[in-house]
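Protein chains: 2
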Amino acid sequence: MASGKILVAQGGGPTAVINQSLVGVTLEARRFRNVELVYGARHGVRGIVNEDFYDLTQETSHNLELVANTPSSALGSTRDKPDIKYCQEIFKVLRAHQIEHFFYIGGNDSSDTVSIVSLEAQKAGYPLRCIHIPKTIDNDLVGNDHTPGFPSAARFVAQAFAGANLDNASLPGVYVGVVMGRHAGFLTAASALGKKFHDDGPHLIYLPERTFVLEKFLADVKATYERFGRCVIAVSEGIHDASGVPIASLLAKELEHDAHGNVQLSGNGALADLLCEEIKSKLKIKRVRGDTFGYLQRSFIGCVSDVDQREAREVGEKAVQFAMWGSCDGSVAIRRTGSYSVDYELLPLEAVAGKTRVMEDEFIASSGTDITDAFRLYLRPLLGSGMPDAFRLRAKPVTKLMNR
Amino acid sequence: MASGKILVAQGGGPTAVINQSLVGVTLEARRFRNVELVYGARHGVRGIVNEDFYDLTQETSHNLELVANTPSSALGSTRDKPDIKYCQEIFKVLRAHQIEHFFYIGGNDSSDTVSIVSLEAQKAGYPLRCIHIPKTIDNDLVGNDHTPGFPSAARFVAQAFAGANLDNASLPGVYVGVVMGRHAGFLTAASALGKKFHDDGPHLIYLPERTFVLEKFLADVKATYERFGRCVIAVSEGIHDASGVPIASLLAKELEHDAHGNVQLSGNGALADLLCEEIKSKLKIKRVRGDTFGYLQRSFIGCVSDVDQREAREVGEKAVQFAMWGSCDGSVAIRRTGSYSVDYELLPLEAVAGKTRVMEDEFIASSGTDITDAFRLYLRPLLGSGMPDAFRLRAKPVTKLMNR
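Those protein sequence lines, which keep their order, are chains A and B. FYI, the numbering for the first sequence is -14 to 389, going by the numbering used here. FYI, the numbering for the second sequence is -14 to 389, going by the numbering used here.
Printed below as a string of structure tokens:
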């Protein structure tokens, strides 16, 4: 057909840098002589079915650069997970508009969507090049050293805990910070990168990769509180008991599920409040505070990793290059090639779609409540330049005159 | 006595710039020939009673500058509110160490403390110069155009809502963000400074200066949701019903009070969860999310107003200058002298202590759920330079071929 039309869309939870990938696709595609039009679908696959497109060819490069630096999905997003019927609707629209290339920027669920669309296109004999572009603050895509969006969210979490630790040192007590991450603890583990001095918090880190036992948790908190006179705790929203039941759902009255069958863990403060209540009542500690970082950690404007920005732009550019010069569908993946440098490859969609990466054992300390130096070395370069730093007074204590 | 000893301490909730004031006092005092020693009390007035002092004269100016740029009280803080007995204990220690000047950096409650200590010193005939240095993210000190710490917290809130709005536009629904501020709505109102386009959120702002009526709230949310297909809401933790009962306490099982008789409003997600539950059940809107900004808004490292930093440093310097060249106790206050410039004055302690400023009527829109341009003009210069900005795609919609 050679219509020269490409379509790009964004799916799943927004990130601080997902628009870099959108602009990477758009500007790179506009460089190709055989690309006549670049369409953007509003709100992911739903925008395809609804025939709701922007013509990104009619957008200045200047404004695209400004949008690239703006967090959250500029095209809008969706949580829809297309089944075969949904995909047939997608085809009808793609066919009508003679779309040749479909680029979908998203995480786990979106890679699954691309995989289904690709398969359905093949079955229908429709010549559609489908490329999945990685994005997720959870860092849970297999085959990737890390995923765009994660470094900026990790930076937010590290900075948040650096500040919370200073606050807690000033007015001592117990502080619980609940971090996003349904199955993978990477983002919660990033809290450790906010530590500087040996007695800084987070003193305890609870990841979904390890079974959460309330009695053990309380014993850990008690021991830490006795040692430091305070305790800062990082908890993943995805912590669960031995049978896999989320601790959060033990409290929630009515579980909300999305189209992918996922229970809603974010968007309420239940887990933090439950844990604080347990600490107050069982350990008799008076000053116990809990924060749920919620949507701030993925959408806060003004906390971004420059490394993440660059890479998010590059995965978009590479997606177009793989599509134009390659001959198969796939998922763009980040490979680490040095300390610190990366390169990109195109993985088969089935190698990524619907799979979930969790934290490798080498990243989790044997205690189960801390991370290892291997994780520190892994994450530090991703956080980018200009990380804020915390300093302490080193003044000498004054000799007591009254023996108080 | 002419011992040449001064004492500085920090009280109340930490801020992003409270150490600027500490370092302002320390470095300025060290310039005076008659100041021999600068002591810092650990954890506010409690550190005085416990005779727990650092000798800040033995601290390099380089490290002091690094500490100045670190958020949260470097000396540690306290919520203690000294009564007469407590003050007598303070005197015993001050007398033993021959302290001549007492600088206390803090908010409402701390100014009250300084006032009591000053009064007790006079009664006891003890020659103590007491200066209160303003600090509070709540911006609720009377006699001040604004208070150090507020601009940086306001910047965090504005940036948080700018991001939350983008997130909500991407995946539409209702978003409730709960902001600190027991009696004064300044910090919640700062959420409006994150708006850029006319349909941006926060679409509704609920302040403690106005009575909160649940039915009216639900009607507001419904109307906004119907108009924009989404709704971003900023809510002060201090919202209350007509009889003054905090809405948060309608949910809390066990109210926690501090030494000043204040109910604990922060440190749990109850209010956001309550409001979200009401919206879900009464308005039948599925995607409803709530975040409680909690301690992030006052302690996040890396989100600070440069204007706030400069002024926080200056109130510390001015406190020493007022003490050395003046002849009375008082509270340093910020006066706005231009758009934008400030000067400082020393107010009588009784003019500030124990009083609470709330938002002026001219800052609140007649709807009661928005702020005025007067407030925008008031707050904008305080947020400082380099505020992040959000941009949108302006591409043309593609003509539909299938009439979907």
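Idealized CB from N, CA, C, for every residue including glycine.
**Item:** Positions along the segment 272 to 284 of chain B whose CB lies within less than 9 Å of some CB in chain A
**Value:** R272, V273, R274, G275, D276, T277, F278, G279, Y280, L281, R283 and S284
**Buried/exposed call for E239 of chain B, threshold 16 Cβ in 10 Å** = Within the second sequence, numbered from 1, the residue matching residue 239 of chain B stands at position 254. Low per-residue confidence applies at E239 of chain B: pLDDT is 45, beneath 50, and the placement is therefore not dependable, though the value from the model is reported in the following sentence. E239 of chain B comes out exposed.
**Message:** Going by DSSP in three states, E194 of chain A sits in which element: helix, strand or coil?
**Reply:** Start at 1 with the first residue of the first sequence, and residue 194 of chain A comes out as number 209. Note: E194 of chain A maps to coil in three-state DSSP.
**Message:** Which residues in chain A have a C-beta closer than 8 Å to the C-beta of M387 of chain B? List them in chain order.
**Reply:** For the purposes of this step, residue 387 of chain B is identified with residue 402 of the second sequence, where counting begins at 1. What M387 of chain B touches in chain A: E36, K77, V78 and A81.
**Request:** Assign A390 of chain B to buried or exposed, taking buried as 16 or more other Cβ atoms, counted over all protein chains shown, within 10 Å of its Cβ.
**Result:** No information on residue 390 of chain B is available, as it lies outside the stretch -14 to 389 that chain B covers here.
**Run of the alpha helix (DSSP H) containing Q38 of chain B, from where it starts to where it stops** = Counting from 1 along the second sequence, the entry for residue 38 of chain B is found at position 53. Checking the sequence, you will find Phe at residue 38 of chain B rather than Gln. Note, F38 of chain B: premise wrong, no alpha helix (DSSP H); beta strand (DSSP E) at F38 to D40.
**Item:** Residues of the segment 42 to 58 of chain A whose Cβ lies closer than 7 Å to any Cβ of chain B, in chain order
**Value:** Q43, E44, N48, L51, V52, T55, P56, S57 and S58
**Nearest residue (CA-CA) to N93 of chain B, options B:N124, B:A81, B:T354 and B:A109** = As a working mapping, residue 93 of chain B is identified with position 108 in the second sequence. Out of B:N124, B:A81, B:T354 and B:A109, B:N124 has the C-alpha closest to the C-alpha of N93 of chain B.
**Request:** Write down the C-beta distance between L156 of chain B and S62 of chain A rounded to the nearest angstrom, noting that I regard them as a contact closer than 8 Å.
**Result:** Mapped onto the second sequence, residue 156 of chain B falls at position 171. Mapped onto the first sequence, residue 62 of chain A falls at position 77. Their Cβ separation, rounded to whole angstroms, is 5 Å, which keeps L156 of chain B and S62 of chain A in contact under 8 Å.
**Contact set between F376 of chain A and chain B, taken where Cβ atoms lie within less than 7 Å** = Walking along the first sequence from the start, residue 376 of chain A turns up at place 391. The contacting residues are N48, L51, V52 and T55.
**Request:** Starting from the N-terminal side, write out each stretch of the beta strand (DSSP E) that is 3 residues or longer and does not extend beyond the segment 266 to 290 of chain B.
**Result:** 273 to 277
**Prompt:** Is L41 of chain B buried or exposed, if buried means 16 or more other CB atoms sit within 10 Å of its CB?
**Reply:** For this step, residue 41 of chain B is matched to residue 56 along the second sequence. The residue in question, L41 of chain B, is buried, as its Cβ has 16 or more Cβ neighbours within 10 Å.
**Asked** Between the beta-carbon of A297 of chain B and the beta-carbon of P133 of chain B, is there less than 8 Å?
**Response** The residue given as residue 297 of chain B occupies position 312 in the second sequence. The residue given as residue 133 of chain B occupies position 148 in the second sequence. Yes.
**Prompt:** So, are the CB atoms of L49 of chain A and T11 of chain A less than 8 Å apart?
**Reply:** Here residue 49 of chain A refers to the residue found at position 64 when the first sequence is read from its first residue. Here residue 11 of chain A refers to the residue found at position 26 when the first sequence is read from its first residue. Yes. Within cutoff.
**Three CB pairs or more closer than 8 Å across the segment 263 to 281 of chain B and the segment 361 to 376 of chain A** = no
**Asked** So, is D185 of chain B buried or exposed, given that buried needs 16 or more other C-beta atoms within 10 angstroms?
**Response** Position 200 of the second sequence, counted from the first residue, corresponds to residue 185 of chain B. By the 10 Å Cβ count, D185 of chain B comes out buried.
**Request:** Let me know the secondary structure DSSP gives Q83 of chain A once reduced to three states.
**Result:** Along the first sequence, read from residue 1 onward, the residue named residue 83 of chain A stands at position 98. Reduced to three states, the DSSP call for Q83 of chain A is coil.
**Request:** Throw me the rounded Cβ distance for the G179 of chain B and I90 of chain B pair, which I believe falls under 8 Å.
**Result:** Counting from one through the second sequence, the residue named residue 179 of chain B turns up at place 194. Counting from one through the second sequence, the residue named residue 90 of chain B turns up at place 105. So it is not a contact: roughly 29 Å between Cβ atoms.
**Buried versus exposed, by CB contacts within 10 Å (16 or more), E37 of chain B** = Reading the second sequence from its first residue, position 52 is the one you call residue 37 of chain B. At residue 37 of chain B the sequence reads Asp, which differs from the Glu that was named. D37 of chain B should be labelled buried.
**Asked** Residues of chain A with CB under 8 Å from K390 of chain B, in chain order?
**Response** The structure shown does not extend to residue 390 of chain B, since chain B is modelled only from -14 to 389, so the question has no answer here.
**Asked** Assuming R215 of chain A and G158 of chain A make a contact with CB atoms under 8 Å, what is their CB distance in whole Å?
**Response** The residue labelled residue 215 of chain A in the question sits at position 230 within the first sequence. The residue labelled residue 158 of chain A in the question sits at position 173 within the first sequence. At roughly 6 Å, the Cβ-Cβ gap stays under 8 Å, so R215 of chain A and G158 of chain A are in contact.
**Message:** So, with DSSP's three-state summary, where would you put F88 of chain A?
**Reply:** For the purposes of this step, residue 88 of chain A is identified with residue 103 of the first sequence, where counting begins at 1. Strand at F88 of chain A.
**Cβ neighbour criterion (16 or more within 10 Å) applied to D328 of chain B** = Residue 328 of chain B sits at position 343 when you count from the first residue of the second sequence. Counting Cβ neighbours within 10 Å, D328 of chain B comes out exposed, since fewer than 16 surround it.
**Request:** Tell me, please, whether the segment 145 to 153 of chain A touches the segment 17 to 24 of chain A by the rule of three or more beta-carbon pairs shorter than 8 Å.
**Result:** no
**Presumed contact (8 Å Cβ cut-off) between I116 of chain B and A359 of chain B, rounded CB distance** = Residue 116 of chain B sits at position 131 when you count from the first residue of the second sequence. Residue 359 of chain B sits at position 374 when you count from the first residue of the second sequence. Actually they are not in contact, since the Cβ atoms of I116 of chain B and A359 of chain B sit about 32 Å apart, beyond 8 Å.
**Prompt:** Residues of chain A with a CB under 9 Å from the CB of S(-12) of chain B: which are they?
**Reply:** The sequence position of residue -12 of chain B within the second sequence is 3, counting from 1. Per Cβ cutoff of 9 Å: no residues; S(-12) of chain B is ~12 Å from chain A at best.
**Contact with chain B by I286 of chain A, beta-carbon distance below 8 Å** = Within the first sequence, the letter at position 301 stands for residue 286 of chain A. Closer than 8 Å to some Cβ of chain B, the Cβ of I286 of chain A qualifies, so yes.
**Item:** With 16 other Cβ atoms within 10 Å as the buried cut-off, status of Q420 of chain A
**Value:** Shown here, chain A extends from -14 to 389; a query on residue 420 of chain A therefore has no answer.
**Request:** Taking A145 of chain A as the query, report the chain B residues whose CB atoms sit under 7 Å from its CB, ordered along the chain.
**Result:** Here the question's residue 145 of chain A lines up with position 160 in the first sequence. Correct list: L281 and F285.
**Prompt:** What are the residues that DSSP puts in a beta bridge with R321 of chain A?
**Reply:** Taking the first sequence and counting its residues from 1, the one referred to as residue 321 of chain A is at position 336. Paired residue(s): A:V327.
**Message:** Just checking R18 of chain B against the ligand ATP - is the residue's beta carbon closer than 7 Å to any of the ligand's heavy atoms?
**Reply:** Absence of the ligand ATP is noted for the structure shown, with no ligands found whatsoever.
**Asked** Do T357 of chain A and I190 of chain A have their CB atoms nearer than 8 Å?
**Response** Here residue 357 of chain A refers to the residue found at position 372 of the first sequence. Here residue 190 of chain A refers to the residue found at position 205 of the first sequence. No, the Cβ-Cβ distance between T357 of chain A and I190 of chain A is not below 8 Å.
**C-beta neighbour in chain B for V142 of chain A, strict 8 Å** = For the purposes of this step, residue 142 of chain A is taken as the residue at position 157 of the first sequence. No, V142 of chain A lies away from the interface with chain B (no Cβ there is under 8 Å from its Cβ).
**Asked** Listing by chain order, which chain B residues have their CB less than 7 Å from the CB of P373 of chain A?
**Response** Residue numbering aside, residue 373 of chain A sits at position 388 when the first sequence is read from its first letter. Simply I286 and G287.
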